[in-house]
Amino acid sequence: MAVKTTPDLLDEDFYADLDGMHESFTHLRANDPVYRDPTTGILGVTRHADLIDVERRAKVFVSSRGYRSMWSPEEDNMIAQDDPGHAEQRALVARRLTPRGVVPQEQPLRALIDELLDAVADAGQMEVVDALAAQLPSRNTADLLGFP
160 MAVKTTPDLL DEDFYADLDG MHESFTHLRA NDPVYRDPTT GILGVTRHAD LIDVERRAKV
220 FVSSRGYRSM WSPEEDNMIA QDDPGHAEQR ALVARRLTPR GVVPQEQPLR ALIDELLDAV
280 ADAGQMEVVD ALAAQLPSRN TADLLGFP
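Here the numbering used here is used: the first residue of the sequence shown is 160, the next is one more, and so on.
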């Protein structure tokens, strides 16, 4: 597939073609590292140093207006917030995410991963995002906060 120099960052088909996606992001990093999607108006920040700069300027770059294609204004999770709300929610779990804090979580986390993988094992294949990547952080965070 040819490199998409103006990819639609909210188009799931763009991400389905991994080779094309990686080529497009390589092109963007070299030629348009802070890319404004002409279709949606969202910014795609493709270089680490630029991303760190964006993260430090929450008054200019806000998450509160959405960060993904299926976003809702009612969404109140940590990633959808800017400080101070983000920092307040992060503080609830921060101690448990330090090197010392994660040690007691190793076995429960391994058990959770085994459970998620066992649920799809008979199929012989899995959609990684649906079966693992979407489940693991939310279920682990629920455990960290003491929810059943």
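No residue lacks a Cβ here, since even glycine has one placed at the ideal position from N, Cα and C.
- The DSSP-derived three-state label of residue 202 is strand.
- Shown here, residue 195 sits in a strand according to DSSP, grouped into three states.
- Between residue 186 and residue 164, the CB-CB gap stays under 8 Å.
- Nearest neighbour of residue 246 by Cα position, chosen from 214, 276, 260, turns out to be 214.
- About 4 Å separates the CB atoms of residue 205 and residue 188; that is less than 8 Å, so the two are in contact.
- By the Cβ neighbour-count rule, residue 168 is buried, with 16 or more other Cβ atoms within 10 Å of its own.
- Within a 10 Å sphere around the beta-carbon of residue 253 sit fewer than 16 other beta-carbons, which makes this residue exposed.
- Contact between residue 275 and residue 295 holds, with the beta-carbon distance rounding to 7 Å and staying under 8 Å.
- With at least 16 other beta carbons inside 10 angstroms of its own, residue 183 counts as buried.
- The beta carbons of residue 192 and residue 212 sit no closer together than 8 Å.
- With fewer than 16 other CB atoms across the displayed protein chains lying within 10 angstroms of its CB, residue 266 is exposed.
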